[in-house]
């Protein structure tokens, strides 16, 4: 549908957002632009303090869209939480502060509030995203199947992939 809309309009309305040469928003628009070089598009360079800040922005941007599957929403919330913890950890290391679990709870609650879920959902979402990423690394293509709902592993099955040694992951994913 996106391609049909772009061809009908004769242009790509929203810019492709990049950070340090990497697309952070607009992968599908860019693919369409490459397929139809006559269609004009714009590129907007965005600045982030770190890779984690870029991931947080990507997750928040995607979570603002209406067409997400429940699996995609859960994955993005988990990735955002993980990135925010890493960003804060790096900041504390650079400033010499000690990390505290209260920060993690506050971050988890804020993300929960932003997304209309509870803080335990955010914690489970982090485990889900880690499991999906581990499954993808073990068997490329798995992430797409899980996030589109083509396959519906249980939370326990996904978590077990992340906890398993890398050599055992392909068999777990196949199972």
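In the numbering used here, the protein residues as written are 3 to 177.
For each residue, glycine too, the CB sits at the ideal point set by N, CA and C.
Residue 107 sits away from residue 140, with the two beta carbons spaced by 8 Å or more. Among the bridge pairs identified by DSSP, residue 47 is matched with 20. Taking each of 42, 10 and 64 in turn and checking the Cα distance to residue 81, the smallest one comes out for 64. The three-state reading of DSSP puts residue 26 in strand, counting E and B together. The DSSP-derived three-state label of residue 68 is coil. Counting the other CB atoms within 10 Å of its CB gives residue 155 a total of 16 or more, which places it among the buried residues. Between residue 157 and residue 126, the beta carbon gap of about 6 Å places them in contact (Cβ cut-off 8 Å).
Contact between the region 159–173 and the region 127–139 is present: 3 or more CB-CB pairs across the two stretches fall below 8 Å. Sequence-distant partners of residue 50 (beyond 5 residues in either direction) whose C-beta falls short of 6 Å from its own C-beta, in its chain, are 21 and 56. Annotation for residue 145: the continuous alpha helix (DSSP H) segment containing it runs 144–149. The C-alpha of residue 52 lies about 20 Å from the C-alpha of residue 128. The continuous alpha helix (DSSP H) containing residue 129 extends over residues 121–140.
Non-local beta-carbon contacts of residue 159 in its own chain, meaning distances under 7 Å to residues more than five positions away in sequence, are absent. Here DSSP, grouped into helix, strand and coil, assigns residue 3 to coil.
When the alpha-carbon of residue 76 is set against those of 152, 61 and 87, the nearest one is in 61. Judged by beta-carbon spacing, residue 124 lies beyond the 8 Å limit of residue 145, meaning their Cβ atoms are not closer than that value. Residue 117 counts as buried, since at least 16 other C-beta atoms from the protein chains shown sit within 10 angstroms of its C-beta. Counting only the Cα atoms, residue 138 lies some 10 Å from residue 147.
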